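Shown next, in structure tokens, is the structure this report addresses.
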Amino acid sequence: MSLVDIEESVSQAPSTLPIHVGTQEEITSDSLKVAVITYGCAHNQNDSERIMTACLTNGYSKSEDPANCDIRIVNGCTVKGPSEEKFFKAIEDGKELNQIVIAAGCVSQVYHGDARFDSVGIIGTDQISKAHEVVDSAIAGNPLHYIDTIDDAELDSSNTSVSYYEGIGIVPISIGCQMKCTYCQTRLARGSLRSFPLNVVMAKIDECQKRGCTEVWLVGEDVGAYGIDKGLTIVDLLEEISATYTDDRLLFKMGHFNPPYMYKHKDAILEILLRPCFFNFMHLPLQAGSNSVLRHMKRGYTVEQWRECVDGLHEQGAAVLTDIIVAYPTETEEDFEETYKAVVESNVEFFNLARYFPRPHTEAAELKMLHGRTRKARSRRLHQYQYNMSPCAHLLDQEVVCYVSPQPARFENQALTHMKNGLQVIINKTDQTKAGSKVRVKVTEIKKWCALGQVIEVLRE
167 MSLVDIEESV
177 SQAPSTLPIH
187 VGTQEEITSD
197 SLKVAVITYG
207 CAHNQNDSER
217 IMTACLTNGY
227 SKSEDPANCD
237 IRIVNGCTVK
247 GPSEEKFFKA
257 IEDGKELNQI
267 VIAAGCVSQV
277 YHGDARFDSV
287 GIIGTDQISK
297 AHEVVDSAIA
307 GNPLHYIDTI
317 DDAELDSSNT
327 SVSYYEGIGI
337 VPISIGCQMK
347 CTYCQTRLAR
357 GSLRSFPLNV
367 VMAKIDECQK
377 RGCTEVWLVG
387 EDVGAYGIDK
397 GLTIVDLLEE
407 ISATYTDDRL
417 LFKMGHFNPP
427 YMYKHKDAIL
437 EILLRPCFFN
447 FMHLPLQAGS
457 NSVLRHMKRG
467 YTVEQWRECV
477 DGLHEQGAAV
487 LTDIIVAYPT
497 ETEEDFEETY
507 KAVVESNVEF
517 FNLARYFPRP
527 HTEAAELKML
537 HGRTRKARSR
547 RLHQYQYNMS
557 PCAHLLDQEV
567 VCYVSPQPAR
577 FENQALTHMK
587 NGLQVIINKT
597 DQTKAGSKVR
607 VKVTEIKKWC
617 ALGQVIEVLR
627 E
């Protein structure tokens with residue numbers, strides 16, 4: 167998982183050894199192994215960590231390989247059709263192997279009445295703390311469906327926890343979404359926005375520092391909307407963070423940040439991103455480069471407002487990741503050309519591309535889809551542009567300051583580093599290049615999505 171992989175699916179291998187359930191007395195949590203399979207974003211990853219922690223706390227043991235476990239928990243995201251298909255395939259695989267199967271995440275929250283969940287326990291998106299109860303009941307042959315949502319009065323430290331990925335702390339700052347996009351099931355699954363109290367978020371960040379993390383990812387369905395439900399703004403949280411963490415020894419990165427909130431607080435956020443403790447990087451989804459399509463999607467901003475934010479980020483050296491949905495049902499050929507033009511002319515460093523796929527129970531699902539050939543042709547054209555992108559090309563022969571990431575590089579003798587704007591530079595691993603080290607690097611070679619370089623000075627071990 168890299169700085170630009172916020173939406174990338176995370177999966178542990180599927181499945182489990184068959185178990186033969188006798189009487190309830192014959193089975194104890196001490197003898198059962200649990201595997202969690204995750205399809206989704208960083209928030210889903212955090213939920214999976216919380217589910218596993220709840221199981222371990224209550225006596226179950228962890229299996230890294232779902233082919234060697236007794237209880238299969240599948241945590242899935244509803245944003246994209248392929249992820250949902252993988253989710254249900256993993257559910258069916260578990261049933262075929264005679265495993266105890268539990269469903270979690272947005273998919274199970276939205277489809278909890280579906281026949282495919284017969285004999286399957288469900289851990290709702292707001293019920294992670296009860297994961298062990300769902301597992302216990304499934305073992306006893308009486309799978310529970312916990313799908314109730316929590317209200318603001320229950321939003322405290324017991325409803326959120328930090329998960330850790332290779333020394334990175336993943337801290338949820340809110341649940342749910344403020345927007346009402348016509349194509350998205352997230353609000354159906356996670357509910358409307360509920361922000362965690364500022365003091366709770368800061369306490370979780372403090373946990374990360376005490377655990378030795380060198381990076382913290384602030385996640386939520388829409389990070390930019392943080393605090394609206396509490397009379398606060400995302401700026402209030404970021405100001406608190408930068409007042410507490412005044413240097414670059416603990417670096418913060420924000421997740422999915424919808425344009426209406428970036429546009430509203432643009433000047434303040436641009437200034438904050440230049441402070442020592444923040445990556446100068448933003449995930450700012452466009453979705454469509456046509457104002458007509460954006461209105462149909464009910465996105466709440468214009469292409470011009472998005473572009474103004476991107477230009478402001480680029481002017482201060484930030485890298486930008488965006489998202490594009492191609493072939494929305496109302497997208498004309500002219501609309502698509504505007505989207506293509508917006509992607510090319512904005513010079514975003516990275517973009518996630520998805521063909522529109524109707525999500526059940528959404529407003530857009532009632533619309534007639536475009537012809538398959540049209541959808542494929544438009545997707546292929548943007549993919550071709552994406553294939554030719556090289557966001558690090560301008561770095562060749564330059565000296566750049568990088569931070570060694572806790573994440574492993576592809577090869578054992580290499581270390582992954584990030585520049586302050588999130589661009590990746592791969593270096594040779596040494597005793598001085600441990601996670602959190604700050605180094606000056608001479609870029610010697612450009613690859614597709616990263617650069618290669620040699621350390622010329624260790625600025626901080």
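Read the sequence shown against the working numbering and you will find it ends at 627, with the numbers running on by one and no gaps. The C-beta atom is built at its ideal place from N, Cα and C for all residues, glycine as well. This structure is a prediction, so every number in the text was calculated from the model and none was measured.
Between Ile294 and Ile217, the C-beta spacing is below 8 Å.
Counting along the chain, the unbroken beta strand (DSSP E) around Phe516 starts and ends at 516–521.
In this structure, DSSP gives Trp615 a state outside helix and strand, which the three-state scheme calls coil.
Closest in C-alpha terms to Asn457, from the list Lys614, Ala409, Asp501, Thr412, comes Asp501. Our two residues, Arg360 and Met345, have alpha carbons roughly 12 Å apart in a direct line. The straight-line gap separating the alpha-carbon atoms of Val276 and Leu354 is approximately 6 Å. In this structure, the alpha-carbon of Asn513 lies about 15 Å from that of Gln550. Residue pairing by DSSP puts Gln620 in a beta bridge opposite Lys608. As the crow flies, the alpha-carbon of Trp615 is around 11 Å from that of Gln552.
Note that the C-beta distance between Val267 and Ser229 is not below 8 Å. In this structure, His527 sits near Gln351, with a CB-CB distance shorter than 8 Å. Annotated as proximal: Glu627 and Gln598, with beta-carbon spacing under 8 Å. Rounded to the nearest angstrom, the Cβ distance from Val273 to Glu250 is 6 Å, consistent with a contact under 8 Å. Here Arg238 is buried: its Cβ has 16 or more other Cβ atoms, across all protein chains shown, within 10 Å. Under the three-state reduction of DSSP output, His549 falls in the helix class.
Taking a cut-off of 8 Å for Cβ pairs, the stretch 555–575 and the stretch 519–538 do not touch, as fewer than three such pairs fall below it. Ile336 is not a Cβ neighbour of Asp292, given a cutoff of 8 Å. When only Cα atoms are considered, Thr610 and Ile593 end up about 10 Å apart. For the 8 Å CB-CB criterion, Ser556 and Ile612 form a contact.
Put simply, of Tyr392, Lys542, Glu381, Asn587 the residue whose alpha carbon is nearest the alpha carbon of Ser358 is Tyr392. Secondary structure of Asn594 (DSSP, three-state): strand.
Per the C-alpha coordinates, the member of Cys558, Phe577, Gly588, Arg576 positioned closest to Tyr569 is Gly588. Within the stretch 238–282, the alpha helix (DSSP H) runs of at least 4 residues that lie entirely inside it are, in chain order, 247–262, 272–276. Per DSSP, Leu384 is one residue of the beta strand (DSSP E) stretching across 381–385.
Here the alpha carbon of Val469 sits roughly 33 Å from the alpha carbon of Thr204. The alpha-carbon of Asp414 is positioned some 21 Å away from that of His480.
Put simply, of Glu406, Gln453, Gly390 the residue whose alpha carbon is nearest the alpha carbon of Tyr429 is Gly390.
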